[in-house]
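Chemist: Encoded as structure tokens, here's the structure I'll be asking about.
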Amino acid sequence: EHRILSMNEIPAGQEEPVQRALGPQSTTQRLKFTVTPVLGRLPVSLAGPATSSCIGQYYGESNCAVTCNSAPCGGLRAVVTIDVYSSWVIRTVLPMVAFVEGRALEMCLTDWPQRALLCNMRFTTTKEVLKAVGRA
């Protein structure tokens with residue numbers, strides 16, 4: 005299992021757009037996960053949110069989960085999980101393109117109908133990362 009997990013707390017009074025984004029059918033009709041190289045170019049073409057599939061369509065609904073509950077801050081705690089290795093293409097290509105020392109990838113979770121960025125993560129491959137994944 006190779007999962008991407010995004011857990012975010014949304015302050016009270018700002019929950020409505022996030023609840024809309026993470027509502028029913030969010031994995032098949034709203035949420036898109038994109039990967040973009042930051043440092044260097046990749047030998048593959050990557051789709052942006054306008055042309056990519058929703059996470060439930062690409063990874064399969066059983067490989068994505070969305071949960072929301074009350075947060076200690078009085079707002080909302082939103083958790084989105086994607087098993088990225090459920091896709092043969094990702095399982096095959098990601099290790100070759102991501103696990104190169106100095107390579108940086110930006111990963112974005114977008115609610116496409118609202119054109120809203122929900123989460124942005126930057127992954128940089130260091131010597132320590134390569135050692136941890138057995139590629140040192």
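Heads up: the sequence shown begins at 5 in our numbering, then just goes up one per residue. Where a beta carbon is used, it is the ideal one built from N, C-alpha and C, also for glycine.
1) Residues in the same chain with beta-carbon distance under 6 angstroms from threonine 40, minus the five sequence neighbours each way, listed in chain order, please.
2) Confirm, please, whether the CB-CB distance from leucine 9 to valine 70 is below 9 angstroms.
3) In the structure shown, what three-state DSSP assignment does glutamate 65 receive?
4) By DSSP, does valine 88 sit in helix, in strand, or in coil?
5) Per DSSP, what are the beta-bridge partners of glutamate 110 in this structure?
6) By DSSP's criteria, valine 70 is part of a beta bridge. Which residues make up the other side?
7) Please name the residue in Ala54, Val22 and Val93 whose C-alpha comes closest to that of cysteine 72.
8) If you check the beta carbons only, do cysteine 68 and tryptophan 116 fall under 9 angstroms apart?
Modeler: Let's see:
1) Excluding positions up to five away in sequence, the list reads Glu110.
2) no
3) helix
4) In this structure, valine 88 counts as helix in the three-state DSSP scheme.
5) Thr40 and Arg126
6) Val84
7) Val22
8) no
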